[in-house]
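A.B. asks: Below you'll find the structure I mean.
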Amino acid sequence: MAKVESNDIKRSLKVTIGKNTYDIQLPNTGLLIDIERRKAEISGERQSAMLKGSLFTQHAYMAVECAATIETLIPEIFNDLTVDSLTKLDPFQFEELLIVYREQIFPWLLSIYKALSAKKVKEKMMAINNDPVQDSV
10 MAKVESNDIK RSLKVTIGKN TYDIQLPNTG LLIDIERRKA EISGERQSAM
60 LKGSLFTQHA YMAVECAATI ETLIPEIFND LTVDSLTKLD PFQFEELLIV
110 YREQIFPWLL SIYKALSAKK VKEKMMAINN DPVQDSV
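In terms of our numbering, the sequence shown opens at residue 10 and continues consecutively.
Structure follows, in structure tokens:
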């Protein structure tokens, strides 16, 4: 089995939201699954349809991404809020979260997903085996 190198991936991320700073650790597989589960819960499993909608609908898509990710990776944020779900924040309060998500959290997670991409795994397997791997990988 090919080993995916994680040396270039930051193992944690520090973000400031309002007056509070949070340390996000590299999520384990269970947390990555929990993010996807939470997205389905928030959107009523209609998240993919949101990409095809109006500008407001696409904004709602980003709100789902943001809320699910932050609620899962920074559960301690609720110690600093008076709501039990980020979706209950008013849109102007939520906008700060969206900015942090877009500028810091999403790029960090994207770097993790890129490191785990099938293409990289395929390249590693080819290098280890010194043998071409079928395109079905």
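The C-beta atom is built at its ideal place from N, Cα and C for all residues, glycine as well.
Buried or exposed for residue 38, going by 16 or more other Cβ atoms inside 10 Å?
C.D. replies: exposed
A.B. asks: Suppose the cutoff is 8 Å on Cβ atoms and the five residues either side in sequence are ignored; what does the same chain contact list for residue 22 look like?
C.D. replies: 32, 33, 113, 114 and 117
A.B. asks: Can you name the start and end residues of the beta strand (DSSP E) that residue 21 belongs to?
C.D. replies: 21 to 26
A.B. asks: Could you check the C-alpha separation between residue 124 and residue 89 for me, to the nearest Å?
C.D. replies: 33 Å
A.B. asks: Figure out for me which residue from 106, 25 and 28 has the closest Cα to the Cα of residue 71.
C.D. replies: 106
A.B. asks: Within this structure, are the beta carbons of residue 43 and residue 96 separated by less than 8 Å?
C.D. replies: no
A.B. asks: Compare the beta carbon distance of residue 55 and residue 77 with 8 Å and say whether it is the shorter of the two.
C.D. replies: no
A.B. asks: Provide the residue span of the beta strand (DSSP E) that contains residue 30, from first to last.
C.D. replies: Annotation: the continuous beta strand (DSSP E) that includes residue 30 extends over 29 to 34.
A.B. asks: Using a Cβ-Cβ cut-off of 6 Å (strictly less than) and excluding sequence neighbours within five positions of residue 144, which residues of its own chain qualify?
C.D. replies: Because the pLDDT at residue 144 is just 49, under 50, the model does not fix this residue reliably, and the value given afterwards should be weighed accordingly. Once the five neighbours on either side are set aside, residue 144 has no close Cβ partner at all.
A.B. asks: Considering only the beta carbon of each residue, do residue 120 and residue 51 sit closer than 8 Å?
C.D. replies: The beta carbons of residue 120 and residue 51 sit no closer together than 8 Å.
A.B. asks: Would you call the CB atoms of residue 110 and residue 75 closer than 8 Å?
C.D. replies: yes
A.B. asks: For residue 11, does the three-state DSSP call read helix, strand or coil?
C.D. replies: Confidence is the limiting factor: at residue 11 the pLDDT is only 47, short of 50, which leaves the residue's position unreliable and the question unanswerable from this model.
A.B. asks: With DSSP run on the structure shown, which of helix, strand or coil describes residue 53?
C.D. replies: Three-state DSSP puts residue 53 in coil, outside helix and strand.
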